[in-house]
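Single-structure report; data block below.
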Amino acid sequence: MNLNFNMKFAEGYSSNSQIARVLTENWVKENSYCPCCGANPIVEYENNRPVADFYCSKCAEEFELKSKNGKLGGIINDGAYSTMIQRITSNSNPNFFFLTYNKQNTVDNFLIIPKQFFTPEIIIKRPPLSDTAKRAGWIGCNIDISTISNLGKIFLVNNSNIVKPELVQEAFNKTRFLREKNIESKGWILDILNCIEKIPTKDFTLKEVYNFEKELMIKYPNNNHIKDKIRQQLQFLRDKGLIEFNGRGIYKKT
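Under full-length UniProt numbering, the first residue of the sequence shown is numbered 1, with each subsequent residue one higher.
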């Protein structure tokens with residue numbers, strides 16, 4: 001994997017946004033592989049495809065690319081709000097690549113967030129454009145990736161360090177079971193994962209997870225059995241190998 005952009009693809013372009021798009025898309029096409037099955041290279045779709053930018057010809061996973069000059073941050077600008085909501089709640093939503101680069105035109109970070117981690121909650125609606133705007137009334141959105149579990153942020157390149165592909169594949173496929181869940185069930189699993197990640201130690205207790213009961217009650221006001229639900233999700237995560245149960249209400253992050 002070569003972390004440098006191939007600058008010859010910028011020739012003939014004057015717009016900075018066009019140059020950035022061409023350079024980043026070409027870099028992914030020449031350097032990335034499928035995080036699901038490891039196939040290399042992935043294939044670029046034709047321009048202006050509304051659903052995704054790349055796909056894997058072996059396992060058919062689809063990927064959309066978001067790139068940024070500088071630090072990634074927790075909020076990512078995206079397109080139309082209604083389109084984004086429709087996509088992530090459908091069966092055809094893609095996985096998302098996020099790429100950051102520097103002034104030297106080299107890649108700093110390249111990660112994938114699998115599609116099962118995208119829920120309507122992380123899509124933030126922006127105010128409509130004013131009546132004087134060219135697209136008056138248009139409503140865009142931002143993606144809040146700061147609330148996504150660390151299990152859903154899988155780096156192929158982390159701070160200019162290339163991660164071993166076998167580790168990427170293992171991490172990507174570890175949570176594929178979430179795709180089988182409906183929105184509500186998936187939401188509960190992801191919420192409990194986030195609660196666990198807020199606990200600073202690797203070992204944690206059931207009581208420490210119970211401390212998030214009030215927070216979960218606000219989110220699920222119609223559920224009168226929050227503690228039962230917490231225990232249920234912990235057992236599920238244990239069965240999936242994402243946490244270990246060591247007896248007497250003590251768990252361990254794997």
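Don't be surprised by glycine CBs; every beta carbon is placed ideally from N, CA and C.
Practice task
Please list, in chain order, all residues of the same chain as glutamate 215 whose beta carbon is under 7 Å from its beta carbon, the five residues on each side excluded.
Solution key: Numbered from 1 along the sequence shown, position 215 holds the residue referred to as residue 215. Non-local C-beta neighbours of glutamate 215 in its own chain, meaning closer than 7 Å and more than five positions away in sequence, are absent.
Exercise for the section: Identify, in the order they occur along the chain, each residue of the same chain with its Cβ nearer than 6 Å to the Cβ of alanine 171, setting aside the five sequence neighbours on each side. Expected result: Taking the sequence shown and counting its residues from 1, one reaches residue 171 at position 171. Counting only Cβ-Cβ distances below 6 Å, and skipping sequence neighbours, we find Ile154.
Practice task
Examine the Cβ distances between the stretch 127 to 145 and the stretch 199 to 211 and report whether three or more of them are shorter than 8 Å.
Solution key: no
Practice task
Apply the 10 Å Cβ neighbour rule to glutamine 116 and answer buried if 16 or more other Cβ atoms are within range, or exposed otherwise.
Solution key: Here residue 116 is taken as the residue at index 116 of the sequence shown, counted from 1. That one is buried.
Exercise for the section: Could you tell me the boundaries of the beta strand (DSSP E) in which glutamate 244 lies? Expected result: Walking along the sequence shown from the start, residue 244 turns up at place 244. Where glutamate 244 is concerned, the enclosing beta strand (DSSP E) stretches over 243 to 245.
Problem - Local Cβ density within 10 Å of valine 28, reported as buried at 16 or more and exposed below that - result: By one-based count along the sequence shown, residue 28 stands at place 28. So valine 28 ends up on the buried side.
Practice task
Over the uninterrupted alpha helix (DSSP H) stretch that includes glycine 187, give me the two end residues.
Solution key: As a working mapping, residue 187 is identified with position 187 in the sequence shown. Start and end: 183 to 198.
Practice task
For the beta strand (DSSP E) holding leucine 156, just list the boundary residues, first then last.
Solution key: Residue 156 sits at position 156 when you count from the first residue of the sequence shown. First-last of the beta strand (DSSP E) with leucine 156: 154 to 158.
Problem - Residues near serine 160 in its chain [Cβ-Cβ closer than 7 Å; skip 5 each side] - result: As a working note, residue 160 is residue 160 in the sequence shown. The answer, listed in chain order, is Leu3, Asp108.
Problem - DSSP bridge partner residues for aspartate 144 (one or two, in chain order) - result: Position 144 of the sequence shown, counting from 1, holds the residue named residue 144. Note: aspartate 144 sits in a beta bridge opposite Ile75.
Problem - Those residues which DSSP pairs with leucine 99 across a bridge - result: By one-based count along the sequence shown, residue 99 stands at place 99. BP columns for leucine 99 point to Ser67, Phe110.
Exercise for the section: Have a look at aspartate 78 and arginine 238 and give me their C-alpha separation to the nearest angstrom. Expected result: Start at 1 with the first residue of the sequence shown, and residue 78 comes out as number 78. Start at 1 with the first residue of the sequence shown, and residue 238 comes out as number 238. Rounded to whole angstroms, aspartate 78 to arginine 238 spans 35 Å at the Cα level.
Handout entry: Assigned secondary structure, threonine 24 (DSSP; H/G/I helix, E/B strand, else coil)
Key = For the purposes of this step, residue 24 is taken as residue 24 along the sequence shown, with counting starting at 1. It is helical.
Handout entry: Inter-residue spacing [alpha-carbon to alpha-carbon] between glutamate 184 and asparagine 6
Key = Numbered from 1 along the sequence shown, position 184 holds the residue referred to as residue 184. Numbered from 1 along the sequence shown, position 6 holds the residue referred to as residue 6. Each residue's alpha carbon lies about 44 Å from the other.
Exercise for the section: Taking asparagine 102 as the reference, give the member of Ala20, Lys8, Phe96 with the closest Cα. Expected result: Taking the sequence shown and counting its residues from 1, one reaches residue 102 at position 102. Per the Cα distances, Ala20.
Practice task
Inspect the beta-carbon positions of glutamate 64 and phenylalanine 97 and report whether they are closer than 8 Å.
Solution key: Walking along the sequence shown from the start, residue 64 turns up at place 64. Walking along the sequence shown from the start, residue 97 turns up at place 97. Yes.
Practice task
Tell me whether the beta-carbon of isoleucine 113 lies closer than 8 Å to the beta-carbon of asparagine 95.
Solution key: The residue given as residue 113 occupies position 113 in the sequence shown. The residue given as residue 95 occupies position 95 in the sequence shown. Against a cut-off of 8 Å, the Cβ pair of asparagine 95 and isoleucine 113 comes out as a contact.
Handout entry: Endpoints, the alpha helix (DSSP H) within which lysine 229 is located
Key = As a working mapping, residue 229 is identified with position 229 in the sequence shown. Start and end: 226 to 239.
Handout entry: beta strand (DSSP E) segment containing tyrosine 251, residue limits
Key = Numbered from its first residue, the sequence shown carries residue 251 at position 251. Looking at the DSSP string, the run of the beta strand (DSSP E) that includes tyrosine 251 is 250 to 253.
Problem - Three-state class that DSSP yields for isoleucine 218 in the structure shown - result: Reading the sequence shown from its first residue, position 218 is the one you call residue 218. Three-state DSSP puts isoleucine 218 in a helix.
Practice task
Determine, using beta carbons only, whether isoleucine 230 and tyrosine 210 come nearer to each other than 8 Å.
Solution key: The residue given as residue 230 occupies position 230 in the sequence shown. The residue given as residue 210 occupies position 210 in the sequence shown. A contact, by the Cβ cut-off of 8 Å.
Practice task
Determine the direct distance from the alpha carbon of lysine 219 to that of glutamine 18, and round the result to whole angstroms.
Solution key: The residue given as residue 18 occupies position 18 in the sequence shown. The residue given as residue 219 occupies position 219 in the sequence shown. Each residue's alpha carbon lies about 41 Å from the other.
Problem - Endpoints, the alpha helix (DSSP H) within which phenylalanine 172 is located - result: Taking the first residue of the sequence shown as 1, we reach residue 172 at position 172. Counting along the chain, the alpha helix (DSSP H) containing phenylalanine 172 begins and ends at 165 to 174.
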